[in-house]
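For reference, the structure is listed below as structure tokens.
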Amino acid sequence: MPVERLEGRYTGRGQAGQEDDEDEVRRGVLLTTMDKAVRWARKQSMWPLTFGLACCAIELIATGAGDYDLSRWGMELFRASPRQADLMIVAGRVSQKMAPVLRTIYDQMPEPKWVISMGVCASAGGMFTNYAVVQGVDTIVPVDIYVPGCPPKPEMLMYGILRLHEKVRTEGHFK
Ligand code: SF4
Numbered sequence: 027m028p029v030e031r032l033e034g035r036y037t038g039r040g041q042a043g044q045e046d047d048e049d050e051v052r053r054g055v056l057l058t059t060m061d062k063a064v065r066w067a068r069k070q071s072m073w074p075l076t077f078g079l080a081c082c083a084i085e086l087i088a089t090g091a092g093d094y095d096l097s098r099w100g101m102e103l104f105r106a107s108p109r110q111a112d113l114m115i116v117a118g119r120v121s122q123k124m125a126p127v128l129r130t131i132y133d134q135m136p137e138p139k140w141v142i143s144m145g146v147c148a149s150a151g152g153m154f155t156n157y158a159v160v161q162g163v164d165t166i167v168p169v170d171i172y173v174p175g176c177p178p179k180p181e182m183l184m185y186g187i188l189r190l191h192e193k194v195r196t197e198g199h200f201k
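Under my numbering, the first residue of the sequence shown carries the number 27, and numbering increases by one thereafter.
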């Protein structure tokens, strides 16, 4: 198969005029701002932490499996180390005993980082209205997205993830 040779004008080293520039744009050059490019890259390469606390974690595991395929959004790499993760999905009720551990893991994640509270137990204690369970993980770490349900189905978690992607893509500025 013949290989097309790129002449100097396509690489910007030749006698490029306005017409050549327009040709290049038609060939697929995309102009954007640094801010938009970084936010797009962040949303397209979010790596979740391997972290499950209770029954909701089974649905989280199912979401990462082949039927639902998180790799569509560059998220198939659940990281074992918080230092390599930027998304914490709190899947299940948080016991008082686990609360300081959860906060430590969150602190070990590098900035920027995001948190999804998965299920009614993580978000508000759920059926566990007692002293042993934290009545809302947002009392320990800042939460970006709350996914309701007991347990939330993988489709619900994916919807929450996509809402978070939209938030990362459209809000704030990169530092
Ligand atoms: S919300 Fe339901 S499924 Fe999830 S941890 Fe609580 S009881 Fe378990």
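Built from N, CA and C at the ideal position, the CB exists for glycine as well.
#1: Could you say which of K179, P74 and K139 lies nearest to R105 if we only look at CA atoms?
#2: Can you confirm whether the region 171-179 touches the region 72-86 when touching is taken to mean that 3 or more C-beta pairs between the two stretches lie within less than 8 Å?
#3: For E181 and R189, what's the separation of their Cα atoms in angstroms?
#4: Which of the three DSSP states is assigned to M114 in this structure?
#5: Report whether the distance from the Cβ of P180 to the nearest heavy atom of the ligand SF4 is below 6 Å.
#6: Give the DSSP-derived three-state secondary structure of P74 in the structure shown.
#7: Give the range of the beta strand (DSSP E) segment to which S143 is assigned.
#8: Near H191, which residues of its chain fall below 6 Å by C-beta distance, leaving aside the five closest residues on each side in sequence?
#9: I need the straight-line Cα distance from M144 to R98, nearest angstrom please.
#10: Can you name the start and end residues of the alpha helix (DSSP H) that I87 belongs to?
#11: Secondary structure at V163, three-state DSSP: helix, strand or coil?
#12: CB-CB under 8 Å to P168, same chain, minus the five flanking residues each way: which ones, in chain order?
#13: When the Cα atoms are used, what is the spatial distance from G90 to E102?
#14: Tell me, which residues are paired with V173 by DSSP?
Based on what the coordinates show:
#1: Residue mapping note: residue 105 aligns to position 79 of the sequence shown, counting from 1. If we check each option's Cα against that of R105, P74 comes out closest.
#2: yes
#3: Taking the first residue of the sequence shown as position 1, residue 181 is located at position 155. Taking the first residue of the sequence shown as position 1, residue 189 is located at position 163. Taking the straight line from one Cα to the other gives about 12 Å.
#4: As a position in the sequence shown, residue 114 is number 88, starting the count at 1. Strand at M114.
#5: One-based indexing of the sequence shown puts residue 180 at position 154. No, the Cβ of P180 stays beyond 6 Å of every heavy atom of the ligand SF4.
#6: Counted from its first residue, the sequence shown places residue 74 at position 48. The answer is strand: DSSP assigns P74 an E or B state.
#7: On the sequence shown, position 117 is the one that residue 143 refers to. Its beta strand (DSSP E) spans residues W140 to M144.
#8: Mapped onto the sequence shown, residue 191 falls at position 165. Same-chain partners within the cutoff: K69.
#9: Within the sequence shown, the letter at position 118 stands for residue 144. Within the sequence shown, the letter at position 72 stands for residue 98. In a straight line, the C-alpha of M144 is about 20 Å away from that of R98.
#10: To locate residue 87, count along the sequence shown from 1; it is residue 61. Run containing I87: C82 to G90, per the alpha helix (DSSP H) assignment.
#11: For the purposes of this step, residue 163 is identified with residue 137 of the sequence shown, where counting begins at 1. Looking at V163 - three-state DSSP - the assignment turns out to be helix.
#12: Residue mapping note: residue 168 aligns to position 142 of the sequence shown, counting from 1. Cβ within range, chain order: V141.
#13: For the purposes of this step, residue 90 is identified with residue 64 of the sequence shown, where counting begins at 1. For the purposes of this step, residue 102 is identified with residue 76 of the sequence shown, where counting begins at 1. In a straight line, the C-alpha of G90 is about 7 Å away from that of E102.
#14: Residue numbering aside, residue 173 sits at position 147 when the sequence shown is read from its first letter. Answer by DSSP bridge pairing, in chain order: M144.
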